[in-house]
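Listed below in structure tokens is the structure:
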């Protein structure tokens, strides 16, 4: 046989569809089929032939014959055996003759073409099938009969051929309707998808906080693509209550689809274990890629036709996330600026370093919601860090070497640091972290100019408590705290210079007056000692003014050694010194004056003596004033001078 001959029971309906919709529409409108259409008609011709054979299966229209379907060139497309008996050599000969006739240019000369084998045992008929316009040969129906069999009437066979053409056009109409249905279905699906994407974009852009945007992204994807499991991986440090929002990790390398999608900025589709399938779509904004949307499906879900819509949705989500993040960052920046402004204002209200350290500690605890805060200052003389303020009492006033703990790391690098879990990393030994059992830490240097003058340590008992924003904020706040400490230190230094005599190191006269006035308002009594170096002018004349200055320093040092820390020693005049003794009566003051007098005589070089005048005030005095107190002490000093010097007198 030229092609396989199928028995009638084996005829099936393949339902294949090929060809262009526009061409089929022309067929339906009765337009002639052009020669360019013919190469695409074979599937429809075969499908129509199968339907035609089934329709005529129980009728005698075709008789006992071998029925063949040939294309316009005479090539066999299909065949059905309605003969009783197996094919033989004569059948082969009849087929050869039939196909030769079909291969003539233009097809058979007439629809009654009739032929026979040489012995007359087989006869065949060949019927052309034209289009409705009658100008284009579509196919040919060939029939091979046994000799001696009554052939069906020519009109009957022509009617059967017309029925085949009707089947062919029916198949064309069905194909067109199916194609139109699928096209309309596709259009409807695209419109629904666009409406869903538009609605999703509107909902996403309606959100102004990051948490709501992330929740809306996941909810929208799950609603539009319920066949997928959805996870959202973010590259930024963000805490979210939804377990499906996870950090994007790169430890898996380039084999991880999420890492690849993030790095390349393009969707990645690949199979996963167990026959599953996943799509990794980057969430892109105008400035960067912020994360990856991972959609995973079970076995059988490998359709990526939704990828363009998913990409569009992910880009919309990326823009919404970026806008929300910028809004959040702007609010955070405003809040930080308000904090900085308020902190700076309150820090500058005090010019005492101790108060500044204590205030900064309490403010930092509140700003960062921390458990512990410790501020240390670098002591240049001892090369140690001194705890100036800490809300953990056991560390108050502690001193640490400059190469110890986190203070050492910050001091050497001059950069802030953040520790997510001290128990896990344990980079250095830290008493603060160990005594408080803290796990999270942010630290920043207090820098003045180019020098690190201190360190700020802020700790919390939970791991991963502080964010990168906290880290940056502490860095900014430490600068302002450093400026406040510098201002206070400069103010203290200037004040010390103003109230301190450069030569002797004692307080100056106006400071002594102020302190006596304050004491007279709150104490019950107090005493004043005026000290004058005997024959001081003669010492200057004999030894020179440098030796005179040396004597003043020696006497001042002896006075400091003989009095309490709460007592105030000052330079009253040229060679006159004064000592105020709070809450001390005259007898006690005289003993102190005698001790000073004796040590001056014994320890000065060259040796000198002093004269002392002592006065006292009490709450019972009629007139309490600094002037009266000094007047009485001055009179007592005059008496000591008059009595031969190197003695103590009271007034």
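In our numbering, the protein residues as written are 336 to 986. Positions of the beta carbon are idealized from the N, C-alpha and C atoms, including for glycine.
Counting along the chain, where does the beta strand (DSSP E) carrying residue 607 start and finish? Numbered from 1 along the chain shown, position 272 holds the residue referred to as residue 607. Where residue 607 is concerned, the enclosing beta strand (DSSP E) stretches over 603-607.
Taking Cβ positions, are residue 918 and residue 956 nearer each other than 9 Å? Numbered from its first residue, the chain shown carries residue 918 at position 583. Numbered from its first residue, the chain shown carries residue 956 at position 621. Not in contact: residue 918 and residue 956 (Cβ atoms no closer than 9 Å).
Within 10 Å of its beta-carbon, does residue 584 have 16 or more other beta-carbons around it, so buried, or fewer, so exposed? As a working note, residue 584 is residue 249 in the chain shown. Exposed, since its Cβ has fewer than 16 Cβ neighbours within 10 Å.
Whose C-beta lies closer than 6 Å to the C-beta of residue 362 among residues of the same chain, with five residues either side of it excluded? The residue given as residue 362 occupies position 27 in the chain shown. Any reading at residue 362 must be qualified, since the residue scores a pLDDT of 48, below 50, and its modelled position is unreliable; the value itself is stated next. Around residue 362: 507.
Whose C-alpha, out of 913, 624, 959, is nearest the C-alpha of residue 594? Within the chain shown, the letter at position 259 stands for residue 594. Among 913, 624, 959, the Cα nearest to that of residue 594 belongs to 624.
Secondary structure at residue 891, three-state DSSP: helix, strand or coil? One-based indexing of the chain shown puts residue 891 at position 556. Three-state result, residue 891: helix.
Return the residue from the list 618, 682, 399 that minimises the CA-CA distance to residue 823. Along the chain shown, one-based indexing puts residue 823 at 488. For the residues 618, 682, 399, the minimum Cα distance to residue 823 belongs to 682.
Delimiting residues of the alpha helix (DSSP H) encompassing residue 978: For the purposes of this step, residue 978 is taken as residue 643 along the chain shown, with counting starting at 1. Where residue 978 is concerned, there is no enclosing alpha helix (DSSP H), given that its DSSP letter is neither H nor E.
Nearest neighbour of residue 600, chosen from 631, 646, 564, 550 [CA to CA]: For the purposes of this step, residue 600 is identified with residue 265 of the chain shown, where counting begins at 1. When each option's Cα is compared against that of residue 600, the closest is 646.
Using a Cβ-Cβ cut-off of 6 Å (strictly less than) and excluding sequence neighbours within five positions of residue 631, which residues of its own chain qualify? Taking the first residue of the chain shown as position 1, residue 631 is located at position 296. Excluding sequence neighbours, residue 631 sits near 564, 613.
Among 753, 556, 532, 372, which has the Cα closest to the Cα of residue 471? Taking the chain shown and counting its residues from 1, one reaches residue 471 at position 136. Ranking 753, 556, 532, 372 by Cα distance to residue 471 puts 372 first.
So what does DSSP say about residue 835, is it helix, strand or coil? Looking up residue 835 in the chain shown gives position 500. Note: residue 835 maps to strand in three-state DSSP.
Please return the same chain residues whose Cβ sits closer than 6 Å to the Cβ of residue 891, not counting the five positions on each side in sequence. Residue mapping note: residue 891 aligns to position 556 of the chain shown, counting from 1. For residue 891, where only same-chain residues beyond five positions count, the Cβ hits under 6 Å are 839, 841.
Shorter than 9 Å from the beta carbon of residue 563 to some beta carbon of chain B? The structure shown contains no chain B; it holds only a single protein chain.
Around the C-beta of residue 386, are 16 or more other C-beta atoms found within 10 angstroms, so that it is buried, or is it exposed? By 1-based counting over the chain shown, the position of residue 386 is 51. By the neighbour-count rule (16 or more Cβ atoms within 10 Å), residue 386 is buried.
Given residue 447, which residues of its chain have a CB within under 6 Å of its CB, disregarding the five upstream and five downstream residues? In the chain shown, the residue the question calls residue 447 occupies position 112. Low confidence applies to residue 447: its pLDDT is 43, below 50, so where it sits in the model is not reliable enough to give any reading.
For the stretch 932-942 against the stretch 900-917, are there 3 or more C-beta pairs whose distance is under 8 Å? no
Per DSSP, which residues does residue 780 bridge with? Please list them. Residue mapping note: residue 780 aligns to position 445 of the chain shown, counting from 1. Residue 780 is bridged to 790.
Give me the Cα-Cα distance between residue 558 and residue 380, rounded to the nearest whole angstrom. Taking the chain shown and counting its residues from 1, one reaches residue 558 at position 223. Taking the chain shown and counting its residues from 1, one reaches residue 380 at position 45. Computed Cα separation, rounded: 45 Å.
What is the DSSP secondary structure of residue 907, counted as helix, strand or coil? Taking the first residue of the chain shown as 1, we reach residue 907 at position 572. In this structure, residue 907 counts as coil in the three-state DSSP scheme.
Nearest candidate by alpha-carbon position, reference residue 815, set 691, 469, 973: Numbered from 1 along the chain shown, position 480 holds the residue referred to as residue 815. Of the listed residues, the one whose Cα sits closest to residue 815 is 691.
Is the distance from the Cβ of residue 628 to the Cβ of residue 606 below 9 Å? Your numbering for residue 628 matches position 293 in the chain shown. Your numbering for residue 606 matches position 271 in the chain shown. In this structure, residue 606 does not lie closer than 9 Å to residue 628 by Cβ.
Determine the closest residue to residue 931 out of 962, 961, 958, 867, with distance taken between C-alpha atoms. Numbered from its first residue, the chain shown carries residue 931 at position 596. The shortest Cα separation from residue 931 among 962, 961, 958, 867 belongs to 867.
CB residue 391 to CB residue 495, shorter than 9 Å? To locate residue 391, count along the chain shown from 1; it is residue 56. To locate residue 495, count along the chain shown from 1; it is residue 160. Yes, the pair counts as a contact, with Cβ atoms nearer than the cut-off.
Going by DSSP in three states, residue 945 sits in which element: helix, strand or coil? As a first step, residue 945 must be located in the chain shown, where it is residue number 610. Looking at residue 945 - three-state DSSP - the assignment turns out to be strand.
Applying the 10 Å Cβ sphere with the 16-neighbour rule, what's the burial state of residue 522? Along the chain shown, one-based indexing puts residue 522 at 187. Counting Cβ neighbours within 10 Å, residue 522 comes out exposed, since fewer than 16 surround it.
DSSP bridge partner residues for residue 950 (one or two, in chain order): What you label residue 950 is simply residue 615 of the chain shown in a count that begins at 1. In the DSSP output, where bridge partners are listed per residue, residue 950 has 863.
For residue 395, does the three-state DSSP call read helix, strand or coil? Translated into the one-based positions of the chain shown, residue 395 becomes position 60. Of the three classes helix, strand and coil, the one that applies to residue 395 here is coil, per DSSP.
Neighbourhood of residue 705 by C-beta, 6 Å cutoff - its chain only, sequence neighbours within 5 removed: If you number the chain shown from 1, residue 705 lands on position 370. Closer than 6 Å at Cβ, skipping near neighbours: 793, 795.
Does the distance from the C-beta atom of residue 808 to that of residue 703 stay below 9 Å? As a first step, residue 808 is located in the chain shown; it is residue number 473 there, counting from the start. As a first step, residue 703 is located in the chain shown; it is residue number 368 there, counting from the start. Yes, they are a contact pair.
Taking one C-beta from the stretch 654-669 and one from the stretch 775-794 each time, how about it: are there three or more such pairs within less than 8 Å? no
From the DSSP secondary-structure annotation, give me the bridge partner or partners of residue 566. Locating residue 566 in the chain shown gives position 231, where the first residue counts as 1. In DSSP, residue 566 forms a bridge with 629.
Thinking C-beta only, is residue 406 closer than 9 Å to residue 475? Position 140 of the chain shown, counted from the first residue, corresponds to residue 475. Position 71 of the chain shown, counted from the first residue, corresponds to residue 406. The answer is yes: Cβ separation under 9 Å.
For residue 1030 and residue 529, I'd like the C-alpha separation in whole angstroms. This structure gives no information on residue 1030, because the portion of the chain shown stretches from 336 to 986.
Determine the contact status of residue 905 and residue 847, defining contact as a CB-CB distance below 9 Å. Stepping through the chain shown from its first residue, residue 905 is reached at position 570. Stepping through the chain shown from its first residue, residue 847 is reached at position 512. Yes, these two residues count as a Cβ contact at 9 Å.
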